[in-house]
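Chains as they are written, first to last, in my numbering: chain A, 1 to 436; chain B, 437 to 659; chain C, 660 to 805; chain D, 806 to 1171; chain E, 1172 to 1747.
Contents: one structure, followed by commentary.
Here it is in structure tokens:
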């Protein structure tokens, strides 16, 4: 394995170094990490849940192996046995070269999908430890350039893709024109503050139109915020909590400024986990509002009878559960309830819900250009699943997943369109009586 | 004193002083390991939970014993051999009457056991399954990559514990004090290395599973 | 003590607890071979039933097959020894007991006549003297009585 | 009193023992010694020729149980055969003479049979480094007496676990510095007939073997005759099927005890005890400890007194009580706590020493 | 210094006993009794499981092989308040009874008889006259001339072989032997018969205790369960065997032992005039009729007789620190409170101190009798040296007007034409042993019948498990287990702390009898007996000493105390 050496990560030039990385690793170690590493029996089962290993066949992608730097720091500095071994000169130490070698393993070949965490017989939450490892990697200067760039852009421009409000403004006007409805902006005291991801804004503008229609249909009050519309979190992806916290604070500030009770994360999966689960811990306090994924909100509306649909899609539809939404956030049944509203022929993929397979793009892999070949390799797992049930279209609810599915299916010459679940719902809404 | 010339002396050494040493190292080592883990603790979690932690944690402690169907389909040999020898080991350890008496002698608690021939059969199966896991470790690319000297050492000690127990019960090593002494010796080796090797998982796996289950459970996922 | 290796020592079994050790049939086959040898060469054989695991059920099975023959004798020397010819002529069952009726040994003897039943030459040597002595004492008693 | 010396065969005939009785004795002995019936004529011939060997029996730190046991031998019986096949020239408990006369008899026998006599010892003795006053006979220390007697002995038989392995006097803390005979005698053929006391017929059986063949029988690693100590109590125990089925008596008069279930849980040491009790039984075949409901004490094994409580199952370690295990655990928690405190401090230090990452810094890497 | 006669070893006893006697002409003026072997069993017992103690204690002696085991079990039962099921008590009584009968018969024939019986003289006996003698004494079946002729022939062959074995160097032809050749021949025949008989008698222990010597004992009852249907319990067959053995014992005692004792005693009436000595006698009492250890139900009563005064019986309390004390002023032990002090067994100490307490470095000719001269301590009851054993028991039974005892003693005395005072003598002691054997063997049938009746009524309990588990024990407990052993009053005292033995002391019959002098220079029973009218016809053949010493049936291994040679401190089990 030839180490990927970031050409610009020159310790003389950059502010990052091994010591800083080790300090970050140390700061991540807690009881669960110690329990996990104490328990690993090298059974190799985690490899059987990793699309990167399964589709490449290269054992270096075995999930638990990706944690070796973190494990070494734990063993040498947090265990009596490691200290004894150290005194005897038997303890292996983490080196900069090792971290350089591990950069590919921790970033390029891990979408942090968490499937390994679901199958480990001793219960190791490997995904969580990859997340922790990235803290050390960033501090040691071994984060991929693509992710570093996204993080810088997110901090400096408000969007990892460098998207400006004016671009969104154009989309808003487009939606208002197309739907005849108003997209509320900066309205204080409404029910929901809706956050978006740059990718949705650029690639899937129909999403904004769909929620505009649905909320209008259901009589929900909502708003966008000019102060902050981007909810994706490049800090989470690169694995740095300082940057991640900064980005979360922006969302919190916007919500507080408008005095909303609820914040809707964008469809983008990691954005949801970022503000829903990590956010309060990143900023070190509870939110004065609640956070929902749009799917959760739609399902609540459905349950309250505030969404009335007519007609169903007649073709054979299947569903891709985004890892961040399903396995890592417990939103699993909601999307199925919604599918039942609009799909005549809904067929589940062979392994779905909490045991679904990652599309291969999460965890920052899609923002990491050099990981493209691995990303496509990992997609083969999803492809095989799709081939097993032969749907005419795929439905999902995460912009990153949707992009990956579309690209992957196209790459493999499979003519299966991908649609967003929110849009499907919007398509089948019963037209409101025109106000007389 | 050699075990062959004085098998009874050897047995009494393993039952007496060596056992005391082994149990002391084991108790100190294990307690240190557990304290090392538990006292590190977790940081406070401010995210609004979807569900509690305790029950899902306990649930995972139980459910991780069996694999999900997909994993079983992808790695049936690995899963099956692992399950079989773990189960066999536990049956032999906890349901063989002499072992129950040992536990009663040490802790004053006991429970019913299984007929000896059944345990004997289970032990034989365990040995076969353990041998199979070694073959798997030596041949499977992932396990080759993962395996360290420690893995082979731990395998050898575990295998020897079961093997000597099997040989002693079936009186295939003579005289019996030598056979029993060897079994106790290997069991003591097992106890001594337990806190310092992956064998710790016998205890920490439950903590790990609980942490995992709690973490996922908090987010409304059955892990 | 290598010279001892020339002494064939087997471990004794009086496995009285195990009712059936499954050894009756092998013994019967051994008896058959011994009988053949007796007919062919006149050479007798003794089988010590205590030397192998042999329980009450084995014994019952063996005796049922061999049956009860024509000759029965009891020798009173250091306690009783019961000699019983089986229904298979030439096959004798010899039960050595002590005065307290505990069994010392149980043998199958395949031969014309068991050695212990035969009048022993050494005993014959003293027979005359013994008889003479008795004749003398009988005379004494006769004198006493009359 | 003329001293015409007879062979055993002549001797028996002189006493009116018939040839048939003699043959029967040979048969019994052969069976007892686990010899093939084919060897009975050889055994008879050997016994015919044998001279009654002189036997000197020394009793040191003993309880006389071994001698008592010898008198219980029923085949051959102590009075009918063995005592008339050997010449027991010195034996405290049985001999007529006392004091100087007794010692003179011993010295005479040692002189007359130098190099020929069998030396039997029961009881341990204070070792050469122990206070010789702990056990004396006629003012002479046991050690001195043994060393004097062993010089002219053809072979030594240590009867009973005390003589064979040190036995009770040697049990912790061994207050008198007791040692076994084999600890002191290295250059003579030696047989250990262990047991507390030994099965009587094993004592007589070894003597009969020596008498018949002029040699000691085949021995195990503890110098015990394999013919009697080759199998464990457990291997030959009639309750073994219950062990195999997992049926155990839990107390002395429960249903299991009445039904004859295995006594393992009551502490039976049968599995690790090599002796002939299960096959030869005791007191003319009347019974034996396990048949009478008591677990085997393991009395024919070295250090059986220190092998844990007689009622603790074999698998229970001898040293620790549950309190001590708990103490070890508590100590472990203490050590673990210290370690963990250190680890925690490491975490806290790490949290402080960790430098936050800024976008500007990240930008420098691009 | 006057001439000193030394007899060491005293043979035909259990253990290692040495007698030194200072002579005044032909008469013994001062005698010294010394136990010359120590093992340390009391020290070895420290720190062990009290339930195991019986096995250690039992190995104190392989002759009276049952009694130490039972006394030990009783001490634990006393400490823990365990009450035996009646069946267990009856079975123990049967085992104790068998022990008495077996032990007394073997003592008489194999240990004591050769003091009175000249084996060589038997060669000149007329078998026919011997048969007549035997037939005149009892209806025992083996009494034909041919039988005695065979025995004589056998003996002749043996003697002519020139290898006399255990009979070599006996004092044959000594003028003190007074039996006619025919009586000698009869005794030799019975010597051999008794060897065969005792094998049968020992079976009773094997049935209940698995083996003899050293039958098994269990704290809380007996190990052997009762189930008439089971192969592995006391079933109908085994109980029938017990009955057969009891009957065989009874026959031998009635038809051989009792007649032989009387016949031999008739020739040695002068031995009813010497060899008593102390005049003080003590019994702890034993053989309860019920499951409890209530002294009122004992066959053998409890009490002390002082100065041969049968009219006053003093009470004995084993727990009273002032009553039973052991002294070490003439023993090779050290007491922390000094060598003049006496200690009750609960507070007993056993610190071996051979070199410091006058032990003479072996090989030695004479002991330093002014200092320590024995491994035995000197126990005293309220400061009195007392004799224990059959004579003490028979005297107490007699004093308490036990009907059968009265009848037996009176008829014996009248047959031999002797006064009651003849009991206080060497042969009085031997005769008492015979008579109590008769009393016990007759009693055995009663216990057996009672056991059978219990079983018939459905009571098959043999073990009390309530206090088996150490977790049910108090943190601290102490108890005294006592017995009337064949040789006399036997006590084991145990102190239990945290489930382990914290102190253990045994004061055994032969310590009472064979012990040395105390700080007040009071002689022990052996010593006093030998100082009572003993003349030695030939100092080289001191058969007179053997007669009196053997009349006590010494059991010296029993009598010796034991401890930590270095410090004398209690040893704790150490965890390594």
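Beta carbons: idealized from backbone N, C-alpha and C, even for Gly.
Residue i versus residue j - alpha carbon distance
| i | j | result |
| --- | --- | --- |
| residue 1527 of chain E | residue 1497 of chain E | 19 Å |
| residue 1224 of chain E | residue 590 of chain B | 43 Å |
| residue 1591 of chain E | residue 1584 of chain E | 7 Å |
| residue 666 of chain C | residue 1032 of chain D | Unreliable placement is indicated for residue 666 of chain C, whose pLDDT of 28 sits below 50; no coordinate value is reported for it. |
| residue 877 of chain D | residue 1283 of chain E | 19 Å |
| residue 874 of chain D | residue 1089 of chain D | 11 Å |
| residue 721 of chain C | residue 598 of chain B | 42 Å |
| residue 22 of chain A | residue 272 of chain A | 29 Å |
| residue 6 of chain A | residue 137 of chain A | Since pLDDT at residue 6 of chain A reaches only 47, below the 50 mark, its modelled position is unreliable, and no value is offered. |
| residue 1151 of chain D | residue 32 of chain A | 16 Å |
| residue 572 of chain B | residue 52 of chain A | 21 Å |
| residue 980 of chain D | residue 621 of chain B | 30 Å |
| residue 1423 of chain E | residue 935 of chain D | 47 Å |
Residues near residue i in its chain [Cβ-Cβ closer than 6 Å; skip 5 each side]
| i | result |
| --- | --- |
| residue 221 of chain A | 190 and 191 |
| residue 1289 of chain E | 1343, 1348 and 1355 |
| residue 35 of chain A | none |
| residue 369 of chain A | 146 |
| residue 1395 of chain E | 1379 and 1405 |
| residue 1123 of chain D | 1113 |
Close-in-space but distant-in-sequence residues of the same chain around residue i (CB under 8 Å, 5 per side omitted)
| i | result |
| --- | --- |
| residue 996 of chain D | 960, 961, 962, 963, 1011, 1021, 1022, 1024, 1028, 1029 and 1030 |
| residue 673 of chain C | Reliability of the predicted coordinates at residue 673 of chain C is poor, the pLDDT of 34 falling under 50, and the value obtained from them is presented with this limitation in mind. 709, listed in sequence order. |
CB of residue i within 8 Å of CB of residue j, strictly
| i | j | result |
| --- | --- | --- |
| residue 1215 of chain E | residue 973 of chain D | yes |
| residue 1106 of chain D | residue 1077 of chain D | yes |
| residue 1607 of chain E | residue 1559 of chain E | no |
| residue 1682 of chain E | residue 1510 of chain E | no |
| residue 1699 of chain E | residue 1448 of chain E | yes |
| residue 1381 of chain E | residue 893 of chain D | no |
| residue 1286 of chain E | residue 1721 of chain E | yes |
| residue 564 of chain B | residue 527 of chain B | no |
Inter-residue CB distance, residue i and residue j (contact presumed, cutoff 8 Å)
| i | j | result |
| --- | --- | --- |
| residue 111 of chain A | residue 128 of chain A | Wrong, their Cβ atoms sit about 14 Å apart, outside the cutoff. |
Any chain H beta carbon closer than 8 Å to residue i
| i | result |
| --- | --- |
| residue 828 of chain D | Although the question refers to chain H, the structure presented lacks it and instead comprises the protein chains A, B, C, D and E. |
Cutoff 7 Å; reference residue i; Cβ partners in own chain excluding five residues on either side
| i | result |
| --- | --- |
| residue 442 of chain B | none |
| residue 1619 of chain E | 1265, 1413, 1414 and 1417 |
| residue 71 of chain A | 37 |
Entirely enclosed alpha helix (DSSP H) segments - the stretch 1408-1459 of chain E, minimum 4 residues: 1429-1438, all fully within the stretch 1408-1459 of chain E.
Inside the stretch 49-118 of chain A only - beta strand (DSSP E) runs reaching at least 3 residues: Runs found: none.
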